[in-house]
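Data first, discussion second: the structure below is written as structure tokens.
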Ligand code: SAM
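In my numbering, the protein residues as written are 784 to 1079.
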């Protein structure tokens, strides 16, 4: 059973025929068919007998198979129920649990607490491209007890993650990642290693979660709200972007920006993480009526 190489194009075609499975473009189903890339992903993840792995979107299980061999336990979250039957026939590992659910609607903190007691938890996945950004934002915002994330994403997304302030690629996700992790592009992957082939190349990125976030803010939720509001409408000034999206009085936002030393007429895409931190703190301070200095 362990010997079936699920990534082999021949095995994959057999499964397609046997189960009458059709790849769903709208679910981002581009499955890996290259054993070297799968090896490399698990190498970057650096798994051992104390590792718990949360996989997003196992598909046929090409990556899952190797994860199960290297980690203590694997929990995979897959939205496509029609894969259930295939998994019954191909993924027979005692340390594997598959949950058929939308990752974006899953309570991951609860899942980690219940499934991976005492383990060093890592997220490893070949992400569905249509929701890469919401998945990464969810992971970073919800603050899971994990040490690492290793994910395959489109090359263009990988570049956005390491963009600098003011550049076209700079966005809310760039800042969320900077706040929480050290990032490394482990390798660029050609589109030929997938079935079916996506239009663009991909990259494997590694996020090492920092023990302590890169900056200290009073209210982390406010920081994320400020960042997301500032990039919602890129052409708006920071003042208009924030007052429209945070649903707070324009005067309060204006005062907060000035107190943080930020020109209210600037656009969010020019600001650094530290500047966003200052803005978030000034807004929090005004929202709770000035008692905030005593709360640190
Ligand atoms: N891991 C497999 C591989 O590398 O061959 C499949 C990767 S494929 C790029 C993405 C997988 O994510 C598909 O199996 C797809 O059905 C699944 N998926 C799509 N949207 C999802 C969601 N919202 N939650 C969980 N899984 C999802």
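We put the CB at the ideal spot given by N, CA and C, even for glycine.
Subject >> residue 940: CB within 7 Å of a non-hydrogen atom of the ligand SAM >> reply: Here residue 940 is taken as the residue at index 157 of the chain shown, counted from 1. Taken from the Cβ of residue 940, every heavy atom of the ligand SAM lies 7 Å or farther away.
Original post:
With respect to 7 Å, is the separation between the Cβ of residue 861 and the closest non-hydrogen atom of the ligand SAM below this value?
Top reply: Indexing the chain shown from 1 puts residue 861 at position 78. In this structure, residue 861 has its beta carbon less than 7 Å from a heavy atom of the ligand SAM.
**OP:** Closer than 7 Å by C-beta to residue 922: which residues in its own chain qualify, once you throw out the five before and the five after it? Chain order, please.
**Re:** Within the chain shown, residue 922 is the residue found at index 139, counting from 1. Close CB contacts of residue 922 within its chain, under the 7 Å cut and outside five residues either way in sequence, are with 906 and 932 (chain order).
Subject >> Through-space distance from residue 912 to residue 850, alpha-carbon basis >> reply: By 1-based counting over the chain shown, the position of residue 850 is 67. By 1-based counting over the chain shown, the position of residue 912 is 129. Their Cα atoms are separated by approximately 21 Å.
Original post:
Can you give the Cα-Cα distance for residue 935 and residue 909, rounded to whole angstroms?
Top reply: Residue 935 sits at position 152 when you count from the first residue of the chain shown. Residue 909 sits at position 126 when you count from the first residue of the chain shown. Rounded to the nearest angstrom, the two C-alpha atoms are 5 Å apart.
Subject >> Where residue 990 falls: helix, strand or coil (DSSP) >> reply: Numbered from 1 along the chain shown, position 207 holds the residue referred to as residue 990. Strand, per DSSP.
Subject >> residue 937 CB to nearest heavy atom of the ligand SAM below 7 Å >> reply: Mapped onto the chain shown, residue 937 falls at position 154. It does not: the Cβ of residue 937 is nowhere closer than 7 Å to a heavy atom of the ligand SAM.
Subject >> DSSP-derived helix/strand/coil call for residue 903 >> reply: Indexing the chain shown from 1 puts residue 903 at position 120. Looking at residue 903 - three-state DSSP - the assignment turns out to be strand.
Original post:
Who pairs with residue 967 in a beta bridge, going by DSSP?
Top reply: Working through the chain shown from its first residue, we reach residue 967 at position 184. Answer is 989.
Original post:
Taking the Cβ atom as the reference point for each residue, do residue 805 and residue 835 lie within a distance shorter than 8 Å?
Top reply: By 1-based counting over the chain shown, the position of residue 805 is 22. By 1-based counting over the chain shown, the position of residue 835 is 52. The Cβ-Cβ distance between residue 805 and residue 835 does not fall below 8 Å.
**OP:** Tell me, please, which residues DSSP counts as bridged to residue 935.
**Re:** By 1-based counting over the chain shown, the position of residue 935 is 152. Answer by DSSP bridge pairing, in chain order: 909 and 987.
Original post:
Is the closest heavy atom of the ligand GTP to the C-beta of residue 911 under 7 Å?
Top reply: This structure simply doesn't include the ligand GTP; it includes the ligand SAM instead.
Subject >> Which of helix, strand or coil DSSP assigns to residue 787 >> reply: Working through the chain shown from its first residue, we reach residue 787 at position 4. Three-state result, residue 787: coil.
Original post:
Just to check, is the beta-carbon of residue 914 closer than 7 Å to a non-hydrogen atom of the ligand SAM?
Top reply: As a first step, residue 914 must be located in the chain shown, where it is residue number 131. Because some heavy atom of the ligand SAM lies under 7 Å away, the Cβ of residue 914 counts as near it: yes.
Original post:
Whose C-beta lies closer than 7 Å to the C-beta of residue 1015 among residues of the same chain, with five residues either side of it excluded?
Top reply: Taking the first residue of the chain shown as 1, we reach residue 1015 at position 232. Cβ within range, chain order: 1024 and 1028.
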